[in-house]
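J.: Handing you a structure now.
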Amino acid sequence: MNQRAFMTRVANVVNLVLFVAACAAFALGLHALGDRRDLQAIYFLLVGGIALRSATEMLRPRASGR
Amino acid sequence: MTEIAAPPEPLPLAERTRVLLPGVYAWLLTVGLPVAARGVRSAPRVAALAGLAALVTSIFLVERRPGLGRVLGIVAFVGCSVLTWALLGADSSPVHLDRIRTALGTLGWVLYAFGWGRVSSPARPDAEIAPGAPLVPRSRPHPLGVPIVAFAVLSALVFEALAFRVDRAEHAVLAHATAAACALLVLSAGSRVALAQGGRHELASGSTRLNAIALRGALLALLVGIGLVWAAIR
């Protein structure tokens, strides 16, 4: 496996990990809201939002050269 | 010579069941049980029974008078249900509702809507969306694609279910709005992540993609660190 393919695989794994982390953080945030732990809920929802934004940021298409 | 118009085909039993069963199920959980409680006045009960009668009548009318059937089955049924909830007043607030029953009732309303969608637009065997040979996909999806989409759908359902745990009235509205927003975001992102598996040519190189999230990754690491310290202190 050359380095380019290896980095693509690493990027895919990081992308997947960020997506799963975002889902888990959202679930923990809503769970905390149900338990009246508002500050924790805000914290988890914030973490989830940043993780999901990072995951989608990695999926931007390649910039087209002119 | 004039042709005699063929009588409308009777609605198959499966179609009737597909509309009637979820409707009755949703009505029973979210309308029927609240009005059956002790101490409820007669006005909500009458409205609830009128809604159920409208739904049952619509199933027998929809094949001969589709317009009237839909008005009874959708407008009258939903209208009577809303009227019942309005007449119930404080008894229908989230504090008095059973969460599991409410969640299952919501699922019943979703199935009811799908059932009417099927009746409103019956499948025509001769209809073709695009003429010609069936289109062939340009590439096969990655094996990880289906599990990722399934995980996203499951997560979205979990978010919706968790919102029902919030029992404070104002916070419950916020929780449902947040859960819906999170579910939509996760479904959208999940489909994109699933499509990106397998190294598509349209995406930038791996190192470029990793560099693109360097700043957000650092912020995320900082937040996780703060969270760990916070958990250790408490």
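Heads up: the protein sequence lines correspond to chains A and B, in order. Yeah, the first sequence ends on 1086 if you go by the working numbering, and it's all consecutive. Yeah, the second sequence ends on 251 if you go by the working numbering, and it's all consecutive. Yeah, the Cβ is synthetic: ideal placement off N, Cα and C, and Gly gets one too.
Would a check of beta-carbon distances place R1057(A) closer than 9 angstroms to chain B?
T.: Stepping through the first sequence from its first residue, residue 1057(A) is reached at position 37. No, R1057(A) lies away from the interface with chain B (no Cβ there is under 9 angstroms from its Cβ).
J.: Rounded to the nearest angstrom, how far is the Cβ of V48(B) from that of A65(B), given a contact under 8 angstroms?
T.: As a first step, residue 48(B) must be located in the second sequence, where it is residue number 31. As a first step, residue 65(B) must be located in the second sequence, where it is residue number 48. Confirmed, Cβ separation roughly 5 angstroms.
J.: Would you identify the three-state DSSP class for P83(B), choosing helix, strand or coil?
T.: For the purposes of this step, residue 83(B) is identified with residue 66 of the second sequence, where counting begins at 1. It is helical.
J.: In whole angstroms, give me the CA-to-CA distance for V1037(A) and F94(B).
T.: As a position in the first sequence, residue 1037(A) is number 17, starting the count at 1. As a position in the second sequence, residue 94(B) is number 77, starting the count at 1. Answer to the nearest angstrom: the Cα atoms are 45 angstroms apart.
J.: Taking the alpha carbon of L171(B) as the reference point, which residue from V203(B), L50(B) and W133(B) has its own alpha carbon closest?
T.: Here the question's residue 171(B) lines up with position 154 in the second sequence. With distances taken between Cα atoms, L171(B) lies closest to V203(B).
J.: What does N1022(A) reach in chain B if we use C-beta pairs closer than 7 angstroms?
T.: Against the first sequence, residue 1022(A) aligns to sequence position 2. Per Cβ cutoff of 7 angstroms: no residues; N1022(A) is ~11 angstroms from chain B at best.
J.: Within a Cβ cutoff of 6 angstroms, which residues of the same chain sit near R1086(A), ignoring the five residues on either side of it in sequence?
T.: On the first sequence, position 66 is the one that residue 1086(A) refers to. Here R1086(A) scores only 43 on pLDDT, less than 50, and its place in the model is too uncertain to base an answer on.
J.: Does P151(B) come out as helix, strand or coil in the three-state DSSP assignment?
T.: As a first step, residue 151(B) is located in the second sequence; it is residue number 134 there, counting from the start. Coil.
J.: Which residues of the stretch 1062-1078 of chain A have a Cβ closer than 9 angstroms to any Cβ of chain B? Give them in chain order.
T.: Residues passing the 9 angstroms Cβ filter: Y1063, F1064, L1065, L1066, V1067, G1068, G1069, I1070, A1071, L1072, R1073, S1074, A1075, T1076, E1077 and M1078.
J.: Per the DSSP calculation, L220(B) is bridged to which residue(s)?
T.: Here residue 220(B) is taken as the residue at index 203 of the second sequence, counted from 1. L220(B) is bridged to P1081(A).
J.: On the CB-based measure, 16 or more other CB atoms within 10 Å of its CB, does G318(B) come out buried or exposed?
T.: The structure shown does not extend to residue 318(B), since chain B is modelled only from 18 through 251, so no value can be given for it.
J.: Would you give the residue range spanned by the alpha helix (DSSP H) that L174(B) belongs to?
T.: Here residue 174(B) refers to the residue found at position 157 when the second sequence is read from its first residue. G162 to A180 is the extent of the alpha helix (DSSP H) around L174(B).
J.: Taking the alpha-carbon positions, what's the T225(B) to L1072(A) distance?
T.: As a position in the second sequence, residue 225(B) is number 208, starting the count at 1. As a position in the first sequence, residue 1072(A) is number 52, starting the count at 1. When rounded, the distance between both Cα atoms is 18 angstroms.
J.: For N1022(A), which of helix, strand or coil comes out of DSSP?
T.: Counting from one through the first sequence, the residue named residue 1022(A) turns up at place 2. Reduced to three states, the DSSP call for N1022(A) is coil.
J.: At the level of alpha carbons, what is the spacing between L179(B) and E219(B)?
T.: Here residue 179(B) is taken as the residue at index 162 of the second sequence, counted from 1. Here residue 219(B) is taken as the residue at index 202 of the second sequence, counted from 1. So the alpha carbons of these two residues sit roughly 37 angstroms apart.
J.: Can you name the residues of chain A whose CB is closer than 9 angstroms to the CB of R182(B)?
T.: Mapped onto the second sequence, residue 182(B) falls at position 165. Under the 9 angstroms cutoff, chain A gives L1050, H1051, L1053, G1054 and D1055.
J.: Exposed or buried, which one is N1035(A) when buried takes at least 16 other CB atoms within 10 Å?
T.: Translated into the one-based positions of the first sequence, residue 1035(A) becomes position 15. By the 10 Å Cβ count, N1035(A) comes out buried.
J.: Are T1076(A) and R209(B) touching if we call contact CB-CB under 9 angstroms?
T.: As a first step, residue 1076(A) is located in the first sequence; it is residue number 56 there, counting from the start. As a first step, residue 209(B) is located in the second sequence; it is residue number 192 there, counting from the start. Yes, Cβ-Cβ distance for T1076(A) and R209(B) is below 9 angstroms.
J.: Using a threshold of 9 angstroms, state whether the C-beta atoms of T195(B) and L1053(A) are closer than that.
T.: Residue mapping note: residue 195(B) aligns to position 178 of the second sequence, counting from 1. Residue mapping note: residue 1053(A) aligns to position 33 of the first sequence, counting from 1. Contact: yes.
J.: Kindly indicate if chain A contains any beta-carbon less than 9 angstroms away from that of T195(B).
T.: The sequence position of residue 195(B) within the second sequence is 178, counting from 1. Closer than 9 angstroms to some Cβ of chain A, the Cβ of T195(B) qualifies, so yes.
J.: What residue range does the alpha helix (DSSP H) around S156(B) cover?
T.: One-based indexing of the second sequence puts residue 156(B) at position 139. No alpha helix (DSSP H) contains S156(B), which DSSP labels as neither H nor E.
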